[in-house]
Structure formats: C-alpha cells, structure tokens
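**Q**
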Amino acid sequence: MARASARHLLVSSEVKCAELKAEIEAGADFADVARQNSSCPSGGQGGDLGSFGPGQMVPEFDKVVFSAPIGEVQGPVKTQFGYHLLEVTSRED
C-alpha cells in the first residue's frame, strides 16, 4: 500500500499562504516558516506530519501528497481547515 511522508503549514488566508510560499522559494527554511506561522499543532515540529497512507488526510491533501513531486512546495491548497503549503518528503508506492 502507498505511504507518504510530508510536512505542511496551515494559515487562514490564501494571500498569507502565497506570501509564505514565496519566502520558502526565496530560500527560507520550510520548517522555520512552519514553526513561526502555522496554526496547526504540527507547526511545532516544523510541519512534519510523519508517514501516512491514502485516505488518512482530507481529500484535497491526499490528492497533492500522492501525486506531487518529492521535495517541491505545493500550494496554496484549500481545505475546510484553511490554506496549506505542502511538501512531500518521501513516498512509497
């Protein structure tokens, strides 16, 4: 069964999410940005979500995590919780 490891950050606005993505793309460390800005409890761990399988996260999240290139920041991704930036750190099919 497929498994993936990912990290993310969660904010309430698409604009803020896009600003944070630009910071990361300009060289800021994803984990530091997540610790400072994410409203999700995982922010304390730099956004690390650990390993999980399909269906364990909301559908919008799953779709990105199980299709995006590894190591490339994706988003903003809108879910019922807000706006996410996601980075797949590993994936096994």
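Positions 1 to 93 (the UniProt record's numbering) are the ones given, in order, by the sequence shown. Even glycine gets a Cβ: it sits at the ideal position worked out from N, Cα and C.
Are the segment 17 to 31 and the segment 53 to 71 in contact at 8 Å, needing three or more beta carbon pairs?
**A** Cβ pair count under 8 Å is below three, so no.
**Q** Thinking just about the alpha-carbon of each residue, which of S38, D62, G75, S13 is nearest to the one in L85?
**A** Per the Cα distances, G75.
**Q** Specify, as a first and last residue, the run of the beta strand (DSSP E) that Q36 falls within.
**A** Element bounds for Q36: not the beta strand (DSSP E) but the alpha helix (DSSP H), 30 to 37.
**Q** Between which two residues does the beta strand (DSSP E) containing D48 stretch?
**A** Segment 48 to 52, the beta strand (DSSP E) holding D48.
**Q** In terms of DSSP beta bridges, what is T90 paired with?
**A** Correcting the residue type first, residue 90 is Ser in the shown sequence and not Thr. In DSSP, S90 forms a bridge with S5.
**Q** Quick check on V77: does DSSP put it in helix, strand or coil?
**A** Reduced to three states, the DSSP call for V77 is strand.
**Q** Going by other Cβ atoms of all chains shown within 10 Å of its Cβ, with 16 needed for buried, is K21 buried or exposed?
**A** When all chains shown are included, K21 counts as buried.
**Q** For a quick check, are the C-beta atoms of G47 and A31 less than 8 Å apart?
**A** Yes. Within cutoff.
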